[in-house]
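Colleague: One structure is given below, represented as structure tokens, and several questions about it will come after.
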Amino acid sequence: MFLKGKTALVTGSTSGIGLAYAKALAAEGAAVMINGFGEADAIETERAALAAASGAAALYDAADMSKPEQIAAMVARCAAELGGPDIVIANAGVQFVSPIEDFPIEKWDQIIAINLSSAFHLTRAAIPGMKAKKWGRLIFTASAHSLVASPFKSAYVSAKHGIAGFTKTAALELATFGITANCISPGYVWTPLVEKQIPDTMKARGMTREQVMNDVLLAGQPTKQFVTVEQVAAMALHLCRDESAQITGSNMSIDGGWTAG
Ligand code: NAD
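Residue numbers for the sequence shown, in our numbering: 3 to 263.
See below:
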């Protein structure tokens with residue numbers, strides 16, 4: 003349990019990749035603060051399971067990642083009630099699929115706020131505590147779309163490219179403080195986020211469900227397999243190790259070879 007005594011704050015951790023991060027961190031003894039939307043009973047069940055797994059505290063905070071003041075309040079609550087956060091994973095994300103000329107302006111603004119700006123607000127609020135401890139791990143869930151584009155995902159691709167740039171800037175600014183900043187760039191991971199975009203992609207491209215799965219989602223993934231949430235979480239754990247102190251400013255691809263082509 004190499005994370006005993008550490009506190010981790012993971013946004014968007016009521017589902018998918020974020021929940022897998024929280025489970026992996028708790029399994030190594032970290033106290034965790036989870037966040038995201040969902041049904042209250044289901045969230046409480048996950049929270050209790052995380053506390054049982056870690057032997058440390060686990061809390062849930064409902065902050066909306068599109069609201070800067072709620073993000074700052076969540077970090078402050080984490081510091082007051084759990085200590086830290088020593089590890090911050092900015093992971094909450096949403097998707098919207100549409101041609102640019104029809105892309106709703108409010109959807110653009112929402113995706114930039116949740117998928118990009120929340121990482122800035124989280125980092126800004128967490129840095130003073132990390133500097134005081136001379137130890138910190140900032141991890142951002144980017145995407146293969148931080149390196150390459152796909153049509154009809156203009157806001158998402160822009161936000162994820164932004165995360166890759168923000169990661170590098172944070173790494174340079176924090177390099178001498180024992181704080182690393184890295185992003186993880188999965189290819190297609192089978193989660194509710196991917197499931198939800200199938201109908202819109204069917205509409206935008208005039209395809210059947212099977213065509214979207216095989217000809218769009220897995221078309222660019224040479225292994226022809228979805229990435230698993232556990233594989234992504236394992237990378238985050240690796241970045242939290244003291245042995246990873248020299249890994250900073252990196253964009254870690256886990257994409258079945260997608261961006262190699
Ligand atoms: P998911 O839909 O399963 O989970 C998204 C999480 O974000 C949920 O907990 C949800 O409640 C939360 N969330 C959404 N809006 C929020 C808001 N305003 N405030 C707080 N929480 C909010 O999706 P996922 O696939 O696990 O995605 C997690 C991250 O991984 C995202 O940043 C996504 O872009 C990225 N990603 C996913 C894939 C994939 O194929 N699934 C690939 C690459 C990157």
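Glycine residues also receive a C-beta, built at the ideal position from the N, C-alpha and C atoms. Note that the structure is a prediction, hence the values are computed from the model and not measured.
Is it the case that the region 129-143 contacts the region 176-194, given that we only count it when at least three CB pairs across the two stretches are under 8 Å?
Modeller: With a cut-off of 8 Å, the region 129-143 and the region 176-194 count as touching, because enough Cβ pairs lie within range.
Colleague: I'd like to know if the region 139-147 and the region 90-105 are in contact, where contact means that at least 3 CB-CB pairs between them fall below 8 Å.
Modeller: Verdict: yes, contact present.
Colleague: Quick one, are the C-beta atoms of A157 and W110 less than 8 Å apart?
Modeller: Their beta carbons are under 8 Å apart, which means A157 touches W110 by this criterion.
Colleague: Can you list the beta strand (DSSP E) stretches of 3 or more residues lying completely in the region 17-46, in chain order?
Modeller: Taking only runs of at least 3 residues, the beta strand (DSSP E) segments lying wholly in the region 17-46 are 33-37.
Colleague: Is Y62 near the ligand NAD, in the sense that its beta carbon is under 7 Å from a heavy atom of that ligand?
Modeller: No, Cβ of Y62 sits at least 7 Å from all heavy atoms of the ligand NAD.
Colleague: Considering only residues of the same chain and omitting the five flanking positions on each side of G164, which have a CB-CB separation below 7 Å?
Modeller: Cβ neighbours of G164 beyond the five flanking positions: L118.
Colleague: Within a Cβ cutoff of 7 Å, which residues of the same chain sit near T250, ignoring the five residues on either side of it in sequence?
Modeller: So the qualifying residues of the chain are A173, A177, T182, A183 and N184.
Colleague: Any chance the CB of D43 is under 7 Å from a heavy atom of the ligand NAD?
Modeller: Because no heavy atom of the ligand NAD lies under 7 Å away, the Cβ of D43 does not count as near it: no.
Colleague: Using CA coordinates, which residue listed in A238, G258 and Q248 is at the minimum distance from A26?
Modeller: When only C-alpha atoms are compared, the closest one is A238.
Colleague: Report whether the distance from the Cβ of Y190 to the nearest heavy atom of the ligand NAD is below 7 Å.
Modeller: The answer is yes for Y190.
Colleague: Please work out which residues of its chain come closer than 8 Å, Cβ to Cβ, to T171, disregarding the five sequence neighbours upstream and downstream, and give them in chain order.
Modeller: Closer than 8 Å at the Cβ level, and outside the excluded window around T171, lies no residue.
Colleague: Could you say which of S148, T9, S68 and V99 lies nearest to T261 if we only look at CA atoms?
Modeller: Ranking the options by Cα distance to T261, first place goes to S148.
Colleague: Return the chain-ordered list of same chain residues with a C-beta closer than 8 Å to the C-beta of V234, the five sequence neighbours on each side being excluded.
Modeller: These residues qualify, in order along the chain: I19, A22, Y23, T143, I186, P188, V191 and I256.
Colleague: Taking the C-alpha atoms as reference points, what is the distance between A51 and E30?
Modeller: Cα-Cα distance, rounded: 14 Å.
Colleague: Which residues bound the alpha helix (DSSP H) around M76?
Modeller: P70 to E83 is the span of the alpha helix (DSSP H), which, as asked, contains M76.
Colleague: List the endpoints of the continuous beta strand (DSSP E) containing T143.
Modeller: T143 -> beta strand (DSSP E) spans G138 to T143.
Colleague: Measuring CA to CA, which of A53, Q199 and M35 is closest to S15?
Modeller: Selected option, being the one with the closest Cα: M35.
Colleague: Based on the DSSP output, what are the partners of L11 in its beta bridges?
Modeller: Per DSSP, M35 and V90.
Colleague: Reducing DSSP to helix, strand and coil, say where V218 ends up.
Modeller: It is helical.
Colleague: How far does the beta strand (DSSP E) with L61 in it extend, from its first residue to its last?
Modeller: Where L61 is concerned, the enclosing beta strand (DSSP E) stretches over A60 to D63.
Colleague: Look at N37 and T13 and say whether their C-beta atoms are less than 8 Å apart.
Modeller: In this structure, T13 lies closer than 8 Å to N37 by Cβ.
Colleague: Using the Cα positions of T203 and I102, report the straight-line distance between them to the nearest angstrom.
Modeller: In a straight line, the C-alpha of T203 is about 14 Å away from that of I102.
Colleague: Tell me, please, which residues DSSP counts as bridged to T182.
Modeller: R139, per the DSSP bridge assignment.
Colleague: S68 and I107 - do their beta-carbons sit closer together than 8 Å?
Modeller: Cβ distance not < 8 Å, so I107 and S68 don't count as in contact.
Colleague: Which residues in the same chain have their Cβ closer than 7 Å to the Cβ of L5, if we skip the five residues on either side of it in sequence?
Modeller: Only L27, E30, G31, A32 and C242 meet the Cβ criterion.
Colleague: Does at least one heavy atom of the ligand NAD sit under 7 Å from the Cβ of D202?
Modeller: No, the ligand NAD has no heavy atom inside 7 Å of this Cβ.
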